[in-house]
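Asker: Here it is: the structure, laid out below.
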Ligand SMILES: Cc1cc2nc3c(=O)[nH]c(=O)nc-3n(C[C@H](O)[C@H](O)[C@H](O)COP(=O)(O)OP(=O)(O)OC[C@H]3O[C@@H](n4cnc5c(N)ncnc54)[C@H](O)[C@@H]3O)c2cc1C
């Protein structure tokens, strides 16, 4: 384990903002977490970093960055109906999706092309097209960063919510997710009711539905909708959608009859934040290199030289204007560091 000092974080965040870490260590084995801490005893703040696709570095990071590079994907158990896969946290999420497809297993196809690492997936409870990691997750293995103790969290212990888990609350910054176990079905249940999936599948004619075909459809939809961070710095949806009570929703709808919404199974109403931001006139707005993506108002982009503070300021202005217009407070999905 090599401890790097004043290391640039630009290659390690998909927003492509410039910042440095006072200390930086690549973690390829669980034992190296303790070694890195011992090598940088004065580091008060610790940041576990995966693919950097959900972080905004507002300024240089004065602590120790632990870059998760613990690898390995394997089948650990199977029966007639299911297969259990263990993936170490430093694997690319997409490599796990590809592994499942190579083994003809269903479940992860809707979560294809989400950038980042496996270890970050339960932290954020990643989700797309009607599926969340919580629907498939059996357990999370994590190391208590300060004590070095390994702990296994069951699905319910992770207290998953919409882009939310215990790792963003009580245990925020305290655990390093070293691996997960997911349970996938041999006979998958398909989720094709979301967005343009059905329309896309129709383009393929009468090919039988399979995890691979659905994965292809979603990959193609995403490629058109979302900016590729290799070409344009971004961290995906910057804000969560708004969840409101039915009463609050009805009150808002009186003033805004065109307000789009989805009814959640909990009875709450989800309002697309992209619509709110667009109504406030932000879509395509640009100041210097910090901007709102012209094709999708939920995505903030860096055209090249924006720094984290400029992106953060833009997000503050958007939050203020949505609050003043609709009385709703947007919550950031991206983690501000
Ligand atoms: C183009 C684009 C599209 C996206 N689409 C989606 C989408 O459809 N659905 C979705 O849910 N998200 C989406 N995202 C957001 C992002 O891909 C996910 O949040 C992803 O899980 C982040 O993984 P990461 O490894 O890059 O995390 P990072 O950005 O490295 O870290 C994110 C947070 O998790 C913490 N963390 C990371 N790894 C660990 C670990 N091993 N242990 C403990 N804490 C850890 C970090 O400290 C940080 O607070 C998108 C992003 C982009 C750029």
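Residue numbers (the working numbering): 560 to 896.
Here a beta-carbon is modelled for each residue, glycine too, at the ideal position from N, C-alpha and C.
Where do the ends of the beta strand (DSSP E) carrying residue 711 lie?
Answerer: Element bounds for residue 711: 709 to 713.
Asker: Return the chain-ordered list of same chain residues with a C-beta closer than 6 angstroms to the C-beta of residue 740, the five sequence neighbours on each side being excluded.
Answerer: 643, 645, 697, 698
Asker: Here's the rule: buried if 16 or more other CB atoms are within 10 angstroms of the residue's CB, otherwise exposed. What is residue 766?
Answerer: exposed
Asker: I'd like the span of the alpha helix (DSSP H) that includes residue 700, first residue to last.
Answerer: Run containing residue 700: none in the alpha helix (DSSP H); it sits in the beta strand (DSSP E), 696 to 703.
Asker: Have a look at 832, 636, 764 and flag the residue whose alpha-carbon is nearest the alpha-carbon of residue 742.
Answerer: 636
Asker: Would you call the CB atoms of residue 800 and residue 832 closer than 8 angstroms?
Answerer: yes
Asker: Please state whether the Cβ-Cβ distance between residue 777 and residue 756 is less than 8 angstroms.
Answerer: yes
Asker: Only counting the same chain, and skipping five residues up and downstream in sequence, which positions put a Cβ closer than 7 angstroms to that of residue 599?
Answerer: 562, 582, 623
Asker: Under 6 angstroms Cβ to Cβ from residue 604, same chain only, skipping five residues before and after it: list those, please.
Answerer: 622
Asker: Once the 5 residues before and after residue 664 are set aside, which same chain residues still bring their CB inside 6 angstroms of it?
Answerer: Exclusion of the five residues before and after residue 664 leaves 642, 743 as the residues of its chain whose Cβ lies within less than 6 angstroms of its Cβ.
Asker: Pull up the CB-CB distance for residue 738 and residue 882, whole angstroms please, since I reckon it's below 8 angstroms.
Answerer: In fact, because the Cβ distance is near 40 angstroms, the residues do not count as touching under 8 angstroms.
Asker: Taking the beta carbon of residue 734 as the centre, do at least 16 other beta carbons fall within 10 Å, making it buried, or is it exposed?
Answerer: buried
Asker: As an exercise, report each continuous alpha helix (DSSP H) stretch of at least 4 residues that is fully enclosed by the region 626 to 667, in chain order.
Answerer: 652 to 661
Asker: Using three-state DSSP, classify residue 859 as helix, strand or coil.
Answerer: Here residue 859 sits in strand by DSSP.
Asker: Please report the distance separating the alpha-carbon of residue 835 from that of residue 606.
Answerer: 32 angstroms
Asker: For my contact list, residue 780 and residue 754 are in at a C-beta cut-off of 8 angstroms; report their separation, rounded to the angstrom.
Answerer: 7 angstroms
Asker: Going by alpha carbons, who is nearest to residue 689 out of 715, 667, 793?
Answerer: 667
Asker: Between residue 820 and the rest of its own chain, which residues show a CB-CB distance below 6 angstroms, the 5 nearest in sequence each way excluded?
Answerer: 828, 830
Asker: Between the region 839 to 855 and the region 865 to 880, can you find at least three pairs of beta-carbon atoms closer than 8 angstroms?
Answerer: yes
Asker: Confirm the yes/no value for this check: CB of residue 853, any heavy atom of ligand 1, distance under 7 angstroms.
Answerer: no
Asker: Using a Cβ-based criterion (distance less than 7 angstroms to any ligand heavy atom), does residue 889 qualify as near ligand 1?
Answerer: Taking non-hydrogen atoms of ligand 1 into account, the C-beta of residue 889 is found less than 7 angstroms away from none of them.
Asker: If we call anything under 8 angstroms between Cβ atoms a contact, is residue 625 one with residue 571?
Answerer: No.
Asker: Say yes only if the C-beta of residue 775 is nearer than 7 angstroms to one or more non-hydrogen atoms of ligand 1, and no if none qualify.
Answerer: no
Asker: So for residue 838, helix, strand or coil by DSSP?
Answerer: Here DSSP, grouped into helix, strand and coil, assigns residue 838 to helix.
Asker: Alpha carbon to alpha carbon, how far is residue 823 from residue 805? Give it in angstroms, no decimals.
Answerer: 10 angstroms
Asker: Hey, residue 568 and residue 578: beta-carbon distance below 8 angstroms or not?
Answerer: yes
Asker: Less than 7 angstroms between the CB of residue 653 and some heavy atom of ligand 1, yes or no?
Answerer: no
Asker: If residue 675 and residue 732 are in contact, beta carbons under 8 angstroms, what's the gap, nearest whole angstrom?
Answerer: With a Cβ gap of about 18 angstroms, residue 675 and residue 732 do not count as contacting.
Asker: Does the beta-carbon of residue 722, which I'm using as the reference point, lie nearer than 7 angstroms to any heavy atom of ligand 1?
Answerer: yes
Asker: In whole angstroms, give me the CA-to-CA distance for residue 788 and residue 651.
Answerer: In a straight line, the C-alpha of residue 788 is about 15 angstroms away from that of residue 651.
Asker: Starting from the Cα of residue 790, find the closest Cα among 566, 894, 708, 574 and give me that residue.
Answerer: 574
Asker: Let me know if residue 669 comes out buried or exposed under the rule of 16 or more other beta-carbons within 10 Å of its beta-carbon.
Answerer: Residue environment for residue 669: buried (at least 16 other C-beta atoms within 10 angstroms of its C-beta).
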